[in-house]
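S.K.: With mature numbering (1 follows the signal peptide of the UniProt record, and there is no 0) applied, the sequence shown corresponds to residues -17 to -1, 1 to 293, in that order. Where a beta carbon is used, it is the ideal one built from N, C-alpha and C, also for glycine. Handing you this structure, nothing more for now.
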Amino acid sequence: MKVLSASLLLAGLTLTACDTKTATTGEAGTSTATVEKADTAATDAAAAETSGTKAIAADEANATPAPDPSTIPAGSAGNAAAILARPQVPILCYHQIRDWTARDSKGAKDYIIPVAQFKAQIKMLADSGYHTISPDQLYAYMTTGAKLPSKPIMLTFDDTDLDQFTVARPTLAQYNYKAMYFVMTVSLGRPNYMTKAMVKQLSDEGNVIGSHTWDHHNVKKYQGKDWETQIDKPTKTLEEITGKKIVYFAYPFGLWNPQAFPELKKRGFVAAFSLAEKRDQQDPMFTIRRIIASGYWSPKTLRNNIVQSF
């Protein structure tokens, strides 16, 4: 793989998103405009579902651990029809959590969520009775139909931004929420990005660390040594940091092709996460859908996107 120039690498590291299109259209074909129109109608109904943040924290603290994916028969993961028949679990994808500046473009603001907005979104999830689940719980549910808590949701963070540690971590801790952090290793220790110690701390505290390549290189373009540079070495680095096996992967920009599935599987990955496009009908475990939580969305709009998109 050709080494990136300094300017190109810097541009890659300051990306505000992992997608090339707005991640609000999934298998149900729901658009942002449609969801916005549903805001008013959903407000009263959602308020009635509120269970309270204290109840959520207690439930999260007492959650039953999921089985290790390696203990689940391979045939279960290969049963695409059964997996596709199960209702999808809502999965949110966050990137930068900071207040907007005059330099941020209109498009970038979809992927930069102001601090107060982020906190309000997470409070809405807790007040609405959502329980965060781990990727192991998701894997067990998708492959075997294992029981999940009521109103399950999975929170994911891409690209290793520092504010995911300084802002997201304490915010989630208020509700005893856990999350999945997909780490891009080239940025570790650089200004405005997390350090290795921070990644280890997140892992030690019960969050799950996943691979997000070395420098966000598009998986669809991998050739030759790219698999070693972008997957093998970064995964080894994360395993050395956390002391744990890394078995989950997120595609940069949400872009994938079926040719990537066997390459990921032979490297020990059991599932991979994309963004809002439809899942692969033969291998849904390697195209698990997420939606980007837009910086433009109020808590009410986020709630409606969750309902409409999954």
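State buried or exposed for Gly128, treating a residue as buried only when at least 16 other CB atoms are found within 10 Å of its CB.
M.R.: In the sequence shown, the residue the question calls residue 128 occupies position 145. Exposed: under 16 other Cβ atoms inside 10 Å.
S.K.: Which same chain residues, not among the five before or five after Pro267, have their C-beta less than 7 Å away from its C-beta?
M.R.: Position 284 of the sequence shown, counting from 1, holds the residue named residue 267. Counting only Cβ-Cβ distances below 7 Å, and skipping sequence neighbours, we find Ala63, Ile66 and Leu67.
S.K.: Using 8 Å as the threshold, is the region 216 to 235 in touch with the region 249 to 259, meaning 3 or more CB pairs across them?
M.R.: yes
S.K.: Identify, in the order they occur along the chain, each residue of the same chain with its Cβ nearer than 7 Å to the Cβ of Thr143, setting aside the five sequence neighbours on each side.
M.R.: To locate residue 143, count along the sequence shown from 1; it is residue 160. Val166, Met167, Ser170, Leu171, Tyr176 and Met177.
S.K.: Using CA coordinates, which residue listed in Asp119, Gln104 and Thr284 is at the minimum distance from Pro52?
M.R.: Position 69 of the sequence shown, counted from the start, is the residue given in the question as residue 52. Considering only Asp119, Gln104 and Thr284, the residue with the shortest C-alpha distance to Pro52 is Asp119.
S.K.: Decide if Asn240 is buried, meaning its Cβ has at least 16 other Cβ atoms within 10 Å, or exposed.
M.R.: For the purposes of this step, residue 240 is identified with residue 257 of the sequence shown, where counting begins at 1. For Asn240, the number of other beta carbons within 10 angstroms of its own is below 16, and it is reported as exposed.
S.K.: As a quick exercise: from Leu108, Phe101 and Ala85, pick the residue whose alpha carbon is nearest that of Asn287.
M.R.: Here residue 287 refers to the residue found at position 304 of the sequence shown. The shortest Cα separation from Asn287 among Leu108, Phe101 and Ala85 belongs to Leu108.
S.K.: Suppose you measure from the CA of Pro50 to the CA of Ser117; what does that come to, to the nearest Å?
M.R.: Residue mapping note: residue 50 aligns to position 67 of the sequence shown, counting from 1. Residue mapping note: residue 117 aligns to position 134 of the sequence shown, counting from 1. Cα to Cα, the separation comes out at about 11 Å.
S.K.: When the Cα of Ala123 is compared with those of Thr54, Phe148, Asp187 and Gln104, which residue comes out closest?
M.R.: Here residue 123 refers to the residue found at position 140 of the sequence shown. Cα-wise, what sits closest to Ala123 is Thr54.
S.K.: My parser needs the beta strand (DSSP E) runs of 3 or more residues fully inside the region 121 to 208; what are they?
M.R.: 135 to 141, 163 to 166 and 191 to 194
S.K.: Let me know if Gly69 comes out buried or exposed under the rule of 16 or more other beta-carbons within 10 Å of its beta-carbon.
M.R.: Numbered from its first residue, the sequence shown carries residue 69 at position 86. Contrary to the premise, residue 69 reads as Arg rather than Gly in this sequence. Exposed, since its Cβ has fewer than 16 Cβ neighbours within 10 Å.
S.K.: So Gln71 packs on Phe269, CB below 8 Å; how close in whole Å?
M.R.: Your numbering for residue 71 matches position 88 in the sequence shown. Your numbering for residue 269 matches position 286 in the sequence shown. With a Cβ gap of about 15 Å, Gln71 and Phe269 do not count as contacting.
S.K.: What do you get for Gln265, buried or exposed, if any count of 16 or more other CB atoms within 10 angstroms of its CB means buried?
M.R.: Within the sequence shown, residue 265 is the residue found at index 282, counting from 1. Exposed.
S.K.: Taking the alpha helix (DSSP H) that Ile289 belongs to, which residues open and close that run?
M.R.: Sequence index remark: in the sequence shown, residue 289 carries index 306 (1-based). Where Ile289 is concerned, the enclosing alpha helix (DSSP H) stretches over Pro282 to Ser292.
S.K.: Give me the Cβ distance between Thr196 and Ile224, rounded to the nearest whole Å; I'm assuming they're in contact under 8 Å.
M.R.: Counted from its first residue, the sequence shown places residue 196 at position 213. Counted from its first residue, the sequence shown places residue 224 at position 241. Not really, about 16 Å apart at Cβ, beyond 8 Å.
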